[in-house]
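First up is the structure itself, then whatever we jot down about it.
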Amino acid sequence: MFANSHSWHFHDQYHNSEARDLWAKLEPKIPSFFEGLNIKPALLHGDLWRGNAAQTDSGPVVFDAGSCYGHSEFDLVILTEFGAFPPEFYRSYHAIISKEFGFDTRQDLYRLFHYLNHWNHFGSAEYRSPSISIMRNLIRK
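In terms of the working numbering, the sequence shown opens at residue 111 and continues consecutively.
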(Lines of atoms letter the chains of each structure in order from A and count residues from 1; the text may use other names and numbers.)
(Lines give C-alpha, C1' and ligand atoms only; values in the text may rest on other atoms or scores of the structure.)
Protein backbone atom coordinates (compact mmCIF):
# COMPACT_ATOMS: atom_id res chain seq x y z
CA MET A 1 0.00 0.00 0.00
CA PHE A 2 2.59 2.56 1.05
CA ALA A 3 5.48 0.71 -0.57
CA ASN A 4 7.72 3.11 -2.41
CA SER A 5 6.15 5.86 -0.35
CA HIS A 6 9.12 8.07 -1.15
CA SER A 7 7.50 8.50 -4.57
CA TRP A 8 4.20 9.75 -3.11
CA HIS A 9 3.67 13.31 -4.29
CA PHE A 10 1.49 16.00 -2.82
CA HIS A 11 1.01 18.12 -5.91
CA ASP A 12 1.58 21.85 -5.50
CA GLN A 13 -1.76 22.51 -7.18
CA TYR A 14 -3.43 21.33 -3.97
CA HIS A 15 -1.30 23.64 -1.74
CA ASN A 16 0.01 20.78 0.34
CA SER A 17 3.13 21.93 2.13
CA GLU A 18 1.42 20.92 5.38
CA ALA A 19 0.67 17.45 4.01
CA ARG A 20 4.27 17.05 2.81
CA ASP A 21 5.61 18.05 6.24
CA LEU A 22 3.25 15.72 8.07
CA TRP A 23 4.04 12.83 5.73
CA ALA A 24 7.77 13.30 6.39
CA LYS A 25 7.06 12.82 10.11
CA LEU A 26 4.60 9.95 9.66
CA GLU A 27 6.44 7.80 7.14
CA PRO A 28 9.20 6.61 9.52
CA LYS A 29 6.58 5.57 12.10
CA ILE A 30 4.60 3.30 9.77
CA PRO A 31 6.66 0.12 10.34
CA SER A 32 5.95 0.36 14.08
CA PHE A 33 2.22 -0.04 13.39
CA PHE A 34 2.93 -3.58 12.15
CA GLU A 35 5.44 -4.78 14.74
CA GLY A 36 4.76 -8.30 15.97
CA LEU A 37 2.21 -9.10 13.28
CA ASN A 38 2.41 -12.12 11.03
CA ILE A 39 0.39 -10.87 8.08
CA LYS A 40 -0.69 -13.53 5.62
CA PRO A 41 -1.67 -11.87 2.34
CA ALA A 42 -5.38 -12.19 1.62
CA LEU A 43 -7.25 -11.63 -1.62
CA LEU A 44 -8.88 -8.22 -1.18
CA HIS A 45 -11.75 -6.65 -3.05
CA GLY A 46 -9.91 -3.32 -3.02
CA ASP A 47 -13.00 -1.09 -3.22
CA LEU A 48 -15.47 -2.82 -0.94
CA TRP A 49 -18.27 -0.54 0.16
CA ARG A 50 -22.05 -0.76 0.17
CA GLY A 51 -22.27 0.56 -3.40
CA ASN A 52 -20.21 -2.39 -4.66
CA ALA A 53 -22.19 -5.13 -2.94
CA ALA A 54 -25.70 -6.47 -3.27
CA GLN A 55 -27.94 -9.29 -2.14
CA THR A 56 -29.51 -11.60 -4.72
CA ASP A 57 -31.81 -14.61 -4.37
CA SER A 58 -28.64 -16.73 -4.61
CA GLY A 59 -26.80 -14.82 -1.88
CA PRO A 60 -24.47 -11.85 -1.55
CA VAL A 61 -22.46 -10.57 -4.50
CA VAL A 62 -19.68 -8.03 -4.79
CA PHE A 63 -18.64 -6.24 -7.96
CA ASP A 64 -16.47 -3.42 -9.33
CA ALA A 65 -13.45 -4.90 -7.62
CA GLY A 66 -9.95 -3.52 -7.65
CA SER A 67 -8.60 -6.86 -6.45
CA CYS A 68 -5.16 -7.22 -4.98
CA TYR A 69 -3.43 -9.15 -2.22
CA GLY A 70 -2.79 -7.47 1.09
CA HIS A 71 -3.56 -7.29 4.79
CA SER A 72 -7.07 -8.57 5.53
CA GLU A 73 -7.77 -5.47 7.64
CA PHE A 74 -7.40 -3.18 4.62
CA ASP A 75 -10.84 -3.78 3.07
CA LEU A 76 -12.62 -3.02 6.36
CA VAL A 77 -11.83 0.71 6.30
CA ILE A 78 -13.55 1.63 3.08
CA LEU A 79 -16.62 -0.19 4.36
CA THR A 80 -16.89 2.16 7.31
CA GLU A 81 -15.97 5.33 5.44
CA PHE A 82 -18.05 5.04 2.30
CA GLY A 83 -21.19 3.06 3.11
CA ALA A 84 -21.00 0.74 6.08
CA PHE A 85 -22.34 -2.77 6.21
CA PRO A 86 -24.68 -3.77 9.05
CA PRO A 87 -23.10 -4.35 12.50
CA GLU A 88 -23.65 -8.13 12.25
CA PHE A 89 -21.21 -8.18 9.31
CA TYR A 90 -18.39 -6.88 11.51
CA ARG A 91 -19.30 -9.17 14.42
CA SER A 92 -19.23 -12.18 12.09
CA TYR A 93 -16.00 -11.04 10.46
CA HIS A 94 -14.21 -10.60 13.78
CA ALA A 95 -15.53 -13.92 15.06
CA ILE A 96 -13.45 -15.49 12.26
CA ILE A 97 -10.55 -13.01 12.11
CA SER A 98 -10.02 -11.40 15.49
CA LYS A 99 -8.68 -7.89 15.95
CA GLU A 100 -4.95 -7.95 16.60
CA PHE A 101 -3.04 -5.48 18.74
CA GLY A 102 -2.87 -2.11 16.97
CA PHE A 103 -5.97 -2.76 14.85
CA ASP A 104 -7.43 0.73 15.35
CA THR A 105 -4.15 2.45 14.48
CA ARG A 106 -3.81 0.41 11.30
CA GLN A 107 -7.41 1.22 10.42
CA ASP A 108 -6.47 4.90 10.65
CA LEU A 109 -3.47 4.28 8.41
CA TYR A 110 -5.57 2.43 5.86
CA ARG A 111 -8.22 5.18 6.11
CA LEU A 112 -5.47 7.68 5.30
CA PHE A 113 -4.67 5.73 2.14
CA HIS A 114 -8.25 6.07 0.91
CA TYR A 115 -8.47 9.76 1.74
CA LEU A 116 -5.15 10.49 0.05
CA ASN A 117 -6.26 8.45 -2.94
CA HIS A 118 -9.52 10.39 -3.24
CA TRP A 119 -7.73 13.69 -2.66
CA ASN A 120 -5.24 12.84 -5.39
CA HIS A 121 -7.96 11.79 -7.84
CA PHE A 122 -10.51 14.50 -7.14
CA GLY A 123 -8.43 17.31 -5.61
CA SER A 124 -11.22 18.25 -3.27
CA ALA A 125 -10.84 20.02 0.07
CA GLU A 126 -13.40 17.46 1.25
CA TYR A 127 -10.55 14.92 1.35
CA ARG A 128 -7.72 17.28 2.38
CA SER A 129 -9.00 18.00 5.88
CA PRO A 130 -9.48 14.35 6.92
CA SER A 131 -6.10 13.44 5.39
CA ILE A 132 -4.33 16.11 7.42
CA SER A 133 -6.24 15.17 10.57
CA ILE A 134 -5.47 11.46 10.24
CA MET A 135 -1.77 12.15 9.66
CA ARG A 136 -1.63 14.37 12.76
CA ASN A 137 -3.33 11.67 14.86
CA LEU A 138 -1.05 8.90 13.59
CA ILE A 139 2.07 10.96 14.30
CA ARG A 140 0.96 11.25 17.94
CA LYS A 141 0.74 7.44 18.32
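The C-beta atom is built at its ideal place from N, Cα and C for all residues, glycine as well.
Every value quoted in this text rests on a predicted model; they were computed, and no experiment measured them.
Residue i, DSSP secondary structure in three states
i    : result
P240 : helix
H146 : The question names His, but residue 146 is Gly in the sequence shown. G146 falls in the coil class under three-state DSSP.
A194 : coil
A205 : helix
P151 : coil
G212 : coil
A175 : coil
Whole-angstrom distance between residue j and residue i, CA atom to CA atom
i    : j    : result
Y237 : W229 : 5 Å
R255 : S182 : This structure gives no information on residue 255, because the portion of the chain shown stretches from 111 to 251.
D167 : F213 : 34 Å
P170 : F199 : 12 Å
I140 : V172 : 30 Å
Beta-carbon proximity of residue i to residue j, cut-off 8 Å
i    : j    : result
I249 : K135 : yes
G180 : A163 : no
Residues of its chain near residue i, where Cβ-Cβ distance is below 7 Å and the 5 sequence neighbours each way are ignored
i    : result
G156 : A175, G176, S177, C178
Contacting residues, own chain, Cβ-Cβ under 6 Å from residue i (five flanking each side not counted)
i    : result
K251 : T215
Below-8 Å beta-carbon distance, residue i vs any chain C residue
i    : result
P138 : Here chain C cannot be found, since the structure has a single protein chain.
Segment contact flag, the stretch 168-177 with the stretch 198-215, C-beta cutoff 8 Å, min 3 pairs: no
Do the stretch 185-192 and the stretch 210-227 meet, that is, are 3 or more Cβ pairs less than 8 Å apart? yes
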